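**Student:** Residue numbers (the working numbering): 1 to 340. In this text, a Cβ means the ideal position worked out from N, Cα and C, and glycines have one as well. Note that the coordinates shown come from a computational prediction; the quantities given were computed from them, not determined experimentally.
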Amino acid sequence: MTISRVVVDLGERSYPVLIGHGAVSEINSVLPKTAKRAVIITQKNINFTVKPDVPCFTVLIGDGEQHKSLQTIEFVSQKFAEFGLTREDVVIGLGGGMVTDVAGYAAASWHRGTAVVHVATSLVGMVDAAIGGKTGVNTGAGKNLIGAFWQPRGVICDLDALSTLPANEMRCGLGEVAKYHFLSGDDLLKLEMPERVARCVKIKAEIVSSDEREGGRRALLNYGHTLGHALERSSDFSLAHGEAVAIGMVFAAHLARVMGRIDQARVDQHYKVIGEVYGLKVKPENKVDRAELIRLMRGDKKAVSGLTFVLDGRSGIETVKDVSEAQLHQAFDAMQLEEK
Ligand code: GLY
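What follows is the structure, given as structure tokens:
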């Protein structure tokens, strides 16, 4: 059993990400020494278990983005109180990105900061959501608008959990893996799954270590996410996150082309990598409401002024501010996104 270890280097808040088949057996090594009890936050459909050497209390939260809410945080916090969770104890988020975002935010808020450990069970969770300390919930105005940066004490990526995943969840994870393909230029699909996950974790760990609070470089991890989040919202989350990000990257390529940042060959490469190599959808199945998408994109957290995108260019992928609506329409046209 080979378990690789990638460290997210944040000084005294550094922590390990343990990756491999059977990695969950190492759970005790990442729990704080002070923890006398743990609350495990998970969902009914997570077919994966964790058994730390401290008394545990399991809290089930609902499935689906509508449950990623302040009401869920309140519910979970009541359970913390019932179990007598103190700030020396630990919260364990066991599940995909939705679970680890909620568990992280509940832990960040409980007694103004209680330790959290994530056991990621989805590919999206392993390569992205569980790492880097972004936690939070949605509001009616947008995804993840309420939250906190709260780094976990450790992250477990047990690849055995992936065999429990439905096919659409795996596709969803591949959308995020494809993002790392464009950020790093690496052919990640050539690697076996343990090395592929470890490589994605290393890329993310390095970016987070250099810009924990997203003052600059970390925003690159949002490649494809501006339209991606808007598509997720406008489809009432029937389009999964990774699938939406994949389409968002194709859109970002068209937008970069419209703005003269890349040539058509690079746009074609996006289609090839996302559509052919990763086998993901390159446009939504249904017609779209462009005005609604633009409204949602304006509410994106990156948008401190006007419409902000992460776009490819001659000097690599970077944040581009003040994109005009006319340019967005040109990109929609180039992508042949039909209006509802
Ligand atoms: N998921 C993007 C980030 O962690 O910054």
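So which of Ala23, Ser25, Phe251, Glu338 has the shortest CA-CA distance to Thr226?
**Tutor:** Selected option, being the one with the closest Cα: Phe251.
**Student:** Drop a sphere of 10 angstroms on the beta-carbon of Leu31, count the other beta-carbons inside from all chains shown, and report buried for 16 or more, exposed for fewer.
**Tutor:** Burial call: buried.
**Student:** Take Ser209 as the anchor and find which of Met1, Thr2, Val6 has the nearest alpha-carbon.
**Tutor:** Ranking Met1, Thr2, Val6 by Cα distance to Ser209 puts Val6 first.
**Student:** Pair every Cβ in the region 267-283 with every Cβ in the region 175-190, then say whether three or more of these pairs are closer than 8 Å.
**Tutor:** Counting Cβ pairs under 8 Å, three or more are found: they touch.
**Student:** Under 7 Å from any heavy atom of the ligand GLY, does the C-beta of Leu174 make it?
**Tutor:** No, Cβ of Leu174 sits at least 7 Å from all heavy atoms of the ligand GLY.
**Student:** Leaving aside the five residues before and after Gly216 along the sequence, list all residues of the same chain whose C-beta is less than 8 Å from its C-beta, in chain order.
**Tutor:** These residues qualify, in order along the chain: Thr319.
**Student:** With a CB to CB cut of under 7 Å and the five nearest residues on each side skipped, what residues in its chain are close to Val24?
**Tutor:** Excluding residues within five positions, the ones whose Cβ falls inside 7 Å are Val50, Val119, Ile156, Asp158.
**Student:** May I ask which residues mark the beginning and end of the beta strand (DSSP E) holding Ile19?
**Tutor:** 15-20 is the extent of the beta strand (DSSP E) around Ile19.
**Student:** Answer yes or no: do Gly113 and Arg153 have a C-beta to C-beta separation smaller than 8 Å?
**Tutor:** Not in contact: Gly113 and Arg153 (Cβ atoms no closer than 8 Å).
**Student:** Examine the ligand GLY and report whether any of its heavy atoms sits within less than 7 Å of the Cβ of Glu338.
**Tutor:** False, no ligand heavy atom lies under 7 Å from that Cβ.
**Student:** Please determine whether the Cβ atom of Lys134 lies at a distance below 7 Å from any heavy atom of the ligand GLY.
**Tutor:** Checking the Cβ of Lys134 against the ligand GLY gives yes.
**Student:** What's the C-alpha gap between Tyr223 and Glu74?
**Tutor:** Answer to the nearest angstrom: the Cα atoms are 32 Å apart.
**Student:** What does the Cβ neighbour count give for Asn138, buried or exposed, with the cut at 16 atoms within 10 Å?
**Tutor:** Flag for Asn138 reads buried.
**Student:** What does the alpha-carbon distance come out to for the pair Leu221 and Val54?
**Tutor:** Rounded to whole angstroms, Leu221 to Val54 spans 35 Å at the Cα level.
**Student:** For the alpha helix (DSSP H) that Thr100 lies in, which residues bound it at each end?
**Tutor:** Note, Thr100: alpha helix (DSSP H), 97-109.
**Student:** Please say whether Cys172 and Val124 have beta carbons closer to each other than 8 Å?
**Tutor:** Their beta carbons are under 8 Å apart, which means Val124 touches Cys172 by this criterion.
**Student:** Kindly identify the DSSP beta-bridge partner or partners of Val73.
**Tutor:** It is Ile, not Val, that sits at residue 73 in the sequence shown. DSSP output for Ile73 lists no bridge partner at all.
**Student:** Flag Asn47 as yes when its Cβ comes closer than 7 Å to any non-hydrogen atom of the ligand GLY, and as no otherwise.
**Tutor:** Outside the cutoff, so no.
**Student:** Put Ala240 into one of helix, strand or coil per three-state DSSP.
**Tutor:** Ala240 falls in the coil class under three-state DSSP.
**Student:** In chain order, what residues of the same chain have a beta carbon less than 7 Å from the beta carbon of Lys281, not counting five sequence neighbours either side?
**Tutor:** Hits under 7 Å: Glu243, Ala246, Ile247.
**Student:** For Gly96, tell me which candidate among Gly104, Val90, Asp89 has the shortest Cα-Cα distance.
**Tutor:** Answer by Cα proximity: Gly104.
**Student:** Since Lys179 is in the alpha helix (DSSP H), which residue starts that stretch and which ends it?
**Tutor:** Counting along the chain, the alpha helix (DSSP H) containing Lys179 begins and ends at 167-184.
**Student:** Is it a yes or a no for the region 2-16 touching the region 66-84, going by three-plus beta-carbon pairs under 8 Å?
**Tutor:** With the cut-off at 8 Å, the region 2-16 and the region 66-84 do not touch.
**Student:** Could you check how far apart the C-beta atoms of Asp63 and Asn45 are, in whole angstroms? I think they sit under 8 Å.
**Tutor:** Contact holds; Cβ gap of about 6 Å.
**Student:** Terminal residues of the continuous beta strand (DSSP E) containing Lys204?
**Tutor:** Lys204 -> not in any beta strand (DSSP E); alpha helix (DSSP H) instead, spanning 193-210.
**Student:** Report whether the distance from the Cβ of Asn138 to the nearest heavy atom of the ligand GLY is below 7 Å.
**Tutor:** No.
**Student:** Where Leu165 and Lys33 are concerned, what is the direct C-alpha to C-alpha distance, given to the nearest angstrom?
**Tutor:** Cα to Cα, the separation comes out at about 32 Å.
**Student:** In the DSSP output, what is Asp158 paired with across the bridge?
**Tutor:** Asp158 pairs with Gly20.
**Student:** Answer yes or no: the CB of Arg218 versus the heavy atoms of the ligand GLY, is any distance below 7 Å?
**Tutor:** Result yes, Cβ under 7 Å from the ligand GLY.
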